[in-house]
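**Student:** Take a look at this one; I'll ask things after.
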Amino acid sequence: METLGNMLYLDWYYLVLVVPMIIVSLIAQSSVKSNYRRFSKIANSKGLTGFEAAQRVLSYYGITNVRIEPVAGELSDHFDPRSNVIRLSEGVFNTASVSAVCIACHEAGHASQHAEGYTPIKIRDSIIPVCNIGSKLGIPLALAGYVFGFEPLIIIGILLYSLVFVFQLITLPVEFNASSRALAVIEETGMLSENEHKGAKKVLKAAAMTYVADAATTLANILRLILRMRRRS
Numbered sequence: 005m006e007t008l009g010n011m012l013y014l015d016w017y018y019l020v021l022v023v024p025m026i027i028v029s030l031i032a033q034s035s036v037k038s039n040y041r042r043f044s045k046i047a048n049s050k051g052l053t054g055f056e057a058a059q060r061v062l063s064y065y066g067i068t069n070v071r072i073e074p075v076a077g078e079l080s081d082h083f084d085p086r087s088n089v090i091r092l093s094e095g096v097f098n099t100a101s102v103s104a105v106c107i108a109c110h111e112a113g114h115a116s117q118h119a120e121g122y123t124p125i126k127i128r129d130s131i132i133p134v135c136n137i138g139s140k141l142g143i144p145l146a147l148a149g150y151v152f153g154f155e156p157l158i159i160i161g162i163l164l165y166s167l168v169f170v171f172q173l174i175t176l177p178v179e180f181n182a183s184s185r186a187l188a189v190i191e192e193t194g195m196l197s198e199n200e201h202k203g204a205k206k207v208l209k210a211a212a213m214t215y216v217a218d219a220a221t222t223l224a225n226i227l228r229l230i231l232r233m234r235r236r237s
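Taken in order, the sequence shown gives residues 5 to 237; the numbers are from my numbering.
Here you go:
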């Protein structure tokens, strides 16, 4: 088993590698909420609600089999491919703000990805089950391996947890592409004015950075586990 001195090194790796990334992630999340709330207070010049904006994107891509429904919560917006439903939060569905339009269009962008068979989203969806296993068992198995001095268990834990990073890595192009689709349709259909379009970009860019920060945090955790194993060896 690991000695007390060796266990303390795990804390140092965590403090040096993981904690800074957690702080970055928290900053990114704060930026999303700040930009969302800022542009939620600015009514768009066309008076379009999130519901109407999402409908326009669906129409643009010729999608007729996707419903749009309200859902409780703040920033709880998402597209559910299993039931073909775009769920928009209370502050987006019936609100005619700049934030409402860009977020609704982003989620409709995901619907268009599924409709077109966008490759990254197909890959991401196919690996969700195994990634869920990795997220639940990866770190516990690796830590158990450290405690009991069983290196194969450590390696299995690291490999399982690495699947979470793979999932997050594939998620990045999915999210960036959905935002690109949203902004392109917003611009081509004139849903927002030029200044409002700039605001929409800020909201979506801030949201995208949360995914980047999450992936960086996971990568830092993987590096921490690997360094911990190498030190043990």
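From the three backbone atoms N, C-alpha and C, an ideal C-beta is built for every residue, glycine too.
Entirely within the region 59-117 and at least 3 residues each: give me those beta strand (DSSP E) ranges in chain order.
**Tutor:** List check, beta strand (DSSP E) in window: 71-75, 82-84 and 89-93.
**Student:** Go to G161, then tell me how far its alpha helix (DSSP H) extends in each direction, as first and last residue.
**Tutor:** Here the alpha helix (DSSP H) through G161 covers E155 to T193.
**Student:** Let me know if R128 comes out buried or exposed under the rule of 16 or more other beta-carbons within 10 Å of its beta-carbon.
**Tutor:** Counting Cβ neighbours within 10 Å, R128 comes out buried, since at least 16 surround it.
**Student:** For the alpha helix (DSSP H) containing K37, list its first residue and its last residue.
**Tutor:** Taken as a continuous stretch (DSSP letters only), the alpha helix (DSSP H) holding K37 covers V23 to S44.
**Student:** To which residues of the same chain is M25 closer than 6 Å at the C-beta, ignoring the five residues directly before and after it?
**Tutor:** Result list for M25: A220, T221 and A224, in chain order.
**Student:** Keeping to the same chain, check which residues put their C-beta closer than 7 Å to that of L2; ignore five residues upstream and five downstream.
**Tutor:** As shown, the chain starts at 5 and ends at 237. That puts residue 2 outside it, with no answer to give.
**Student:** How long is the line joining the alpha carbons of R228 and Y18, rounded to whole angstroms?
**Tutor:** One C-alpha to the other measures close to 7 Å.
**Student:** Out of curiosity, what's the CA-to-CA distance linking N98 and L231?
**Tutor:** Their backbone Cα atoms lie some 50 Å apart in a straight line.
**Student:** Quick check: the Cα distance between S238 and A32, rounded to an integer number of angstroms?
**Tutor:** In the structure as shown, the chain begins at 5 and stops at 237. Residue 238 is therefore absent and cannot be evaluated.
**Student:** Which same chain residues end up closer than 6 Å to S103 when comparing Cβ atoms and leaving out the 5 residues on each side of it in sequence?
**Tutor:** The residues are Y40, F43, S44 and V207.
**Student:** Might you give, ordered along the chain, the residues of its own chain that have their beta carbon closer than 6 Å to the beta carbon of V142, omitting 5 neighbours on each side?
**Tutor:** Before going further, note that residue 142 is Gly rather than Val in the sequence given. Cβ within range, chain order: G161, L164 and Y165.
**Student:** Looking only at C-alpha atoms, which of A100, D84 and A108 sits nearest to L92?
**Tutor:** When only C-alpha atoms are compared, the closest one is A108.
**Student:** Give every residue of the same chain whose Cβ lies closer than 8 Å to the Cβ of M5, excluding the five residues on either side of it in the sequence, and list them in chain order.
**Tutor:** Low confidence applies here, because M5 scores a pLDDT of 47, under 50, leaving its location unreliable; read the following figure in that light. Answer for M5: V151, F152 and G153, listed in chain order.
**Student:** Near H62, which residues of its chain fall below 7 Å by C-beta distance, leaving aside the five closest residues on each side in sequence?
**Tutor:** Going by the sequence as given, residue 62 is Leu instead of His. Counting only Cβ-Cβ distances below 7 Å, and skipping sequence neighbours, we find V70, A112 and A115.
**Student:** Is G77 buried or exposed, if buried means 16 or more other CB atoms sit within 10 Å of its CB?
**Tutor:** Exposed, since its Cβ has fewer than 16 Cβ neighbours within 10 Å.
**Student:** What is the residue span of the alpha helix (DSSP H) that N136 lies within?
**Tutor:** I132 to F152 is the extent of the alpha helix (DSSP H) around N136.
**Student:** Can you find the residues in the same chain that come closer than 8 Å, C-beta to C-beta, to S240, ignoring five residues on each side of it along the sequence?
**Tutor:** The chain is shown from 5 up to 237; residue 240 falls before or after that span and cannot be answered.
**Student:** From E94 to M233, what does the alpha carbon distance come to, in whole angstroms?
**Tutor:** Computed Cα separation, rounded: 47 Å.
**Student:** Who pairs with A47 in a beta bridge, going by DSSP?
**Tutor:** Note: A47 sits in a beta bridge opposite S101.
**Student:** Residues in its own chain within less than 8 Å of V170 by CB, not counting five upstream and five downstream?
**Tutor:** Closer than 8 Å at Cβ, skipping near neighbours: I131 and C135.
**Student:** Grab me the residues of L12's own chain with a C-beta within less than 8 Å of its C-beta, minus the 5 sequence neighbours each way, in chain order.
**Tutor:** The pLDDT assigned to L12 is 45, lower than 50, so where the model puts this residue is not dependable; a value taken from the coordinates is nonetheless given after this. If we look at L12 and ignore the five residues flanking it on each side, it has no Cβ neighbours.
**Student:** Quick one: what does DSSP say T53 is sitting in, helix, strand or coil?
**Tutor:** Note: T53 maps to coil in three-state DSSP.
**Student:** Distance, Cα to Cα, E120 vs K126?
**Tutor:** In a straight line, the C-alpha of E120 is about 10 Å away from that of K126.
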